[in-house]
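Single-structure report; data block below.
Protein chains: 2
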Amino acid sequence: MDITIKQARYFVAAAQTGQVSRAAVDLNVSQSAVTTAIRDLEAHLGVRLFERRSKGIALTETGSRFLPHAEEILAVVQEAVHVVSEQQTNVHGKVRIGMSYTVAGYFAIPLIARVRRRYPGIELELTESARDTIEAAVIQNELDIAIILTSNLKAADFLDHTTLVASQRRLWLPSGHKLAGRGDLPLSVIETEPYILLTVDEAKKTQVRYWEEQNVSPNVTFETSSVEAVRTMVAAGMGITVLSDMVYRPWSLEGQRIETTDISGGVPPMMVGVCWKANTPLEPAAQSVVDFLEQTLVDRRTK
Amino acid sequence: MDITIKQARYFVAAAQTGQVSRAAVDLNVSQSAVTTAIRDLEAHLGVRLFERRSKGIALTETGSRFLPHAEEILAVVQEAVHVVSEQQTNVHGKVRIGMSYTVAGYFAIPLIARVRRRYPGIELELTESARDTIEAAVIQNELDIAIILTSNLKAADFLDHTTLVASQRRLWLPSGHKLAGRGDLPLSVIETEPYILLTVDEAKKTQVRYWEEQNVSPNVTFETSSVEAVRTMVAAGMGITVLSDMVYRPWSLEGQRIETTDISGGVPPMMVGVCWKANTPLEPAAQSVVDFLEQTLVDRRTK
DNA sequence: GATTGATATCAAAAAAACAGATATTGTGTT
DNA sequence: AACACAATATCTGTTTTTTTGATATCAATC
Chain A
41 MDITIKQARY
51 FVAAAQTGQV
61 SRAAVDLNVS
71 QSAVTTAIRD
81 LEAHLGVRLF
91 ERRSKGIALT
101 ETGSRFLPHA
111 EEILAVVQEA
121 VHVVSEQQTN
131 VHGKVRIGMS
141 YTVAGYFAIP
151 LIARVRRRYP
161 GIELELTESA
171 RDTIEAAVIQ
181 NELDIAIILT
191 SNLKAADFLD
201 HTTLVASQRR
211 LWLPSGHKLA
221 GRGDLPLSVI
231 ETEPYILLTV
241 DEAKKTQVRY
251 WEEQNVSPNV
261 TFETSSVEAV
271 RTMVAAGMGI
281 TVLSDMVYRP
291 WSLEGQRIET
301 TDISGGVPPM
311 MVGVCWKANT
321 PLEPAAQSVV
331 DFLEQTLVDR
341 RTK
Chain B
41 MDITIKQARY
51 FVAAAQTGQV
61 SRAAVDLNVS
71 QSAVTTAIRD
81 LEAHLGVRLF
91 ERRSKGIALT
101 ETGSRFLPHA
111 EEILAVVQEA
121 VHVVSEQQTN
131 VHGKVRIGMS
141 YTVAGYFAIP
151 LIARVRRRYP
161 GIELELTESA
171 RDTIEAAVIQ
181 NELDIAIILT
191 SNLKAADFLD
201 HTTLVASQRR
211 LWLPSGHKLA
221 GRGDLPLSVI
231 ETEPYILLTV
241 DEAKKTQVRY
251 WEEQNVSPNV
261 TFETSSVEAV
271 RTMVAAGMGI
281 TVLSDMVYRP
291 WSLEGQRIET
301 TDISGGVPPM
311 MVGVCWKANT
321 PLEPAAQSVV
331 DFLEQTLVDR
341 RTK
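If you're matching them up, the sequences are chains A and B in order.
Whatever position you read off the first sequence (first residue = 1), add 40 for the working numbering.
Whatever position you read off the second sequence (first residue = 1), add 40 for the working numbering.
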């Protein structure tokens with residue numbers, strides 16, 4: 041009548057390890073328990089979640105759509121269990137939070153929803169806008185905190201910050217591309233392959249920066265501000281790109297697979313963090329939010 | 041090792057009906073199944089979720105904190121199951137959404153999180169601000185849609201809308217108040233009892249409006265813009281108020297109980313809806329979001 | 001075609017959930 | 001104080017589900 045939390049947990053473990061047997065070891069149960077849990081889950085949902093391969097399993101397109109939901113189930117359950125053991129959080133007040141667009145879309149909103157449930161006494165006021173605008177607003181006390189990319193803070197002297205996640209940048213390739221599955225390619229491959237450049241937020245500026253540092257000039261054949269467009273084009277074999285794991289999904293909207301490969305020679309990860317006005321103590325409510333975000337993200341795998 | 045979805049479902053049913061036996065009937069299981077599920081859940085969490093009373097059960101403070109989380113678990117599970125059965129939603133584009141503060145805090149954010157998971161190809165841009173500002177922005181094409189109180193739209197001629205929820209307004213009383221448990225009191229009781237007035241957003245204006253319609257002049261002893269402050273003051277016996285179920289919680293932050301009573305003679309419910317520029321077809325992405333919101337809210341109890 | 005490294009299947013055992021009957025509890029009434 | 005009433009709690013046997021451990025199967029590679 042219903043899927044179970046256990047099924048979700050086994051599914052997530054299997055998806056993350058890419059192997060039923062390894063997931064079983066991690067979960068301290070037998071391999072057959074995981075296999076049957078996944079089989080029952082698939083039967084219940086009426087879809088195939090994994091492709092069975094000789095080396096393990098790989099998410100189907102449906103499976104990769106289901107994965108974030110399954111993770112969300114586990115997160116929500118954990119949070120529900122947690123909330124009752126905490127003594128009442130009496131913090132209240134208003135916290136004004138700024139987020140840049142990509143961060144909001146791929147990262148912050150689910151966290152914000154959790155903050156709201158956790159601190160019912162705190163009123164949150166959210167704003168999405170460009171990084172520069174947000175930095176300025178924090179400095180002018182128009183925002184209390186900001187969740188933004190912290191790698192290249194402009195007003196770094198006037199802002200304190202902590203990092204929430206460091207999301208690895210990897211090379212995105214269409215499935216079956218000649219470079220796929222090699223691992224540890226040098227960044228210079230983007231000079232010979234057609235390159236799709238994402239221009240949203242400060243993605244372009246960041247990329248240009250580390251190209252220059254490594255003296256690489258990519259062969260840009262298309263620029264777009266839409267992550268989905270990049271995904272579609274890469275999947276269609278129109279080019280390759282380098283983007284962070286935070287925005288990576290293994291399938292394009294059209295259902296074609298996208299692979300990733302590590303890049304050797306140090307492409308910096310994308311740093312997302314929370315920042316606030318330097319040398320100014322935060323209001324208790326804002327401090328609670330910052331603490332919660334740090335704490336929540338500590339035991340999260342960098343994905 | 042884990043709570044189960046079934047336990048969450050039974051708990052929610054019991055909390056909503058206020059009776060284990062009634063919940064059991066609704067769920068088509070035996071009363072003992074519900075009782076043991078709740079007992080196991082309480083044992084697992086190590087807290088008491090209900091007070092057992094002769095007429096049924098009532099949430100403890102901890103239980104009422106747990107309830108929204110349990111509901112969230114069920115919602116997330118339902119959504120996870122739903123997402124795999126849908127064929128791929130290819131909609132993409134950008135949708136700019138405006139929300140007023142109260143709506144964002146108590147209603148919209150969890151929905152927005154769901155929209156994001158449901159339509160990964162849609163980029164959402166969120167803005168919170170005052171109702172007037174949002175209406176203007178929609179008309180000037182600076183926002184695509186707005187989630188706001190629709191009872192008193194200012195620019196109603198230029199905006200189309202559909203209602204998402206109608207949240208009943210009820211009288212809030214401290215536990216043990218002489219008027220508690222009576223049911224169907226006339227609105228005129230607020231003339232004799234000290235009244236706490238919420239001033240956030242347009243709450244004040246709305247209240248004044250239906251006071252005038254019914255020729256009632258309340259005995260306002262305190263005004264505040266914080267819902268939590270209202271809750272605390274009512275719980276502490278400093279006055280009573282009339283607010284919608286959307287912002288109602290049975291316990292104050294300090295852990296004191298708040299009761300509600302129906303009001304006879306037609307206090308209008310709070311209408312929350314989504315609106316967009318009249319006579320202008322919505323972009324497909326925005327249309328999808330509107331459709332999703334309507335559809336999601338249809339089978340939700342008006343709480 | 002044998003080996004390796006993975007998943008799938010099967011049957012028995014263990015654990016969990018359920019229904020139905022009964023006990024208990026708390027309120028209000030007489 | 002005893003009783004009736006209306007609810008929840010507990011107990012027991014049964015059914016269902018999950019797990020395990022052993023074995024079968026499959027695909028790639030040597």
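Every residue, glycine too, gets a C-beta built ideally from N, C-alpha and C.
- Within the same chain, Glu175, Leu199, His201, Cys315 come within 8 angstroms of B/Leu193 by CB-CB distance, once the 5 residues on both sides are set aside.
- Between B/Asn259 and B/Asp285, the alpha-carbon positions lie close to 22 angstroms from each other.
- Secondary structure at B/Met278: coil, using DSSP grouped into helix, strand and coil.
- With 16 or more other Cβ atoms from the protein chains shown falling within 10 Å of its own Cβ, B/Pro160 counts as buried.
- At least 8 angstroms separates the beta-carbon of A/Gln56 from that of A/Ala64.
- Nearest Cα to B/Val123 within the set A/Met139, A/Gly86, A/Lys95, A/Leu238: A/Gly86.
- The C-alpha of B/Arg136 is placed about 8 angstroms away from the C-alpha of B/Glu182.
- One Cα belongs to B/Leu237, the other to B/Thr264, and the distance between them is close to 6 angstroms.
- Under the three-state reduction of DSSP, A/Gly138 is assigned to strand.
- DSSP places B/Phe262 in the uninterrupted beta strand (DSSP E) bounded by 259 to 264.
- Under the 8 angstroms criterion on CB atoms, A/Leu67 is classed as non-interfacial with respect to chain B.
- At least 8 angstroms separates the CB of B/Ala196 from every CB of chain A.
- Residue nearest to B/Gln47 within the set B/Leu114, B/Asn130, B/Ala326, B/Pro321 is B/Leu114 (criterion: CA-CA distance).
- Annotated three-state conformation of A/Glu323 is coil, per DSSP.
- Contact between B/Tyr250 and B/Gly279 does not hold, since the beta-carbon distance rounds to 18 angstroms and is not under 8 angstroms.
- Here the C-alpha atom of A/Tyr141 lies approximately 11 angstroms from the C-alpha atom of A/Ile149.
- At least one CB of chain B lies nearer than 8 angstroms to the CB of A/Phe106.
- Residues Thr202, Leu204, Val314 of the same chain have their beta carbon placed closer than 8 angstroms to that of A/Glu334, with the five preceding and five following residues left out of the count.
- For B/Ser284, the secondary structure class from DSSP, reduced to helix, strand or coil, is strand.
- For A/Thr203, the pairing in a beta bridge is given by DSSP as A/Gly313.
- Look at the segment 78 to 110 of chain A and you find these whole runs of beta strand (DSSP E), each 3 residues long or longer: 90 to 93, 96 to 99.
- Setting aside the 5 residues that flank it on each side, B/Met273 is surrounded in the same chain by Ile236, Phe262, Gly279, each with a C-beta closer than 7 angstroms to its C-beta; the list follows chain order.
- Of the candidates B/Thr232, B/Ser266, B/Thr301, B/Ile230, the residue whose Cα lies closest to the Cα of B/Asp224 is B/Thr301.
- Contact of B/Tyr159 with chain A is not assigned, every C-beta pair being separated by 8 angstroms or more.
- Within chain B, no residue has its beta carbon less than 8 angstroms from that of A/His201; the closest one is some 22 angstroms off.
- When rounded, the separation of the alpha-carbon atoms in B/Asn319 and B/Ala177 is 16 angstroms.
- Its chain contains Trp291 as the residues whose beta carbon lies nearer than 8 angstroms to that of A/Arg105, once the 5 sequence neighbours on both sides are disregarded; these appear in chain order.
- Here B/Glu233 carries a coil assignment [DSSP, helix/strand/coil].
- Below the 9 angstroms Cβ cutoff, chain B contributes no neighbours of A/Arg92, its closest Cβ being approximately 18 angstroms away.
- Taking B/Gly305 as the centre and dropping the five residues before and after it, the same chain places the C-beta of Pro226, Leu227, Gln254 closer than 8 angstroms to its C-beta, in chain order.
- DSSP places A/Pro160 in the coil class of the three-state scheme, outside both helix and strand.
- Sequence-distant Cβ neighbours of A/Asp66 in its own chain, meaning closer than 6 angstroms and more than five residues away, are Ala53.
- Taking 7 angstroms as the Cβ-Cβ cut-off, the segment 316 to 339 of chain A has no residue approaching chain B.
- In the structure shown, A/Ser125 falls within a helical segment according to DSSP collapsed to helix, strand and coil.
- Closest in alpha carbon position to B/Val312, among B/Met139, B/Glu299, B/Ile188, is B/Ile188.
- Spanning the alpha carbons of B/Ile97 and B/Gly216 requires a straight line of approximately 17 angstroms.
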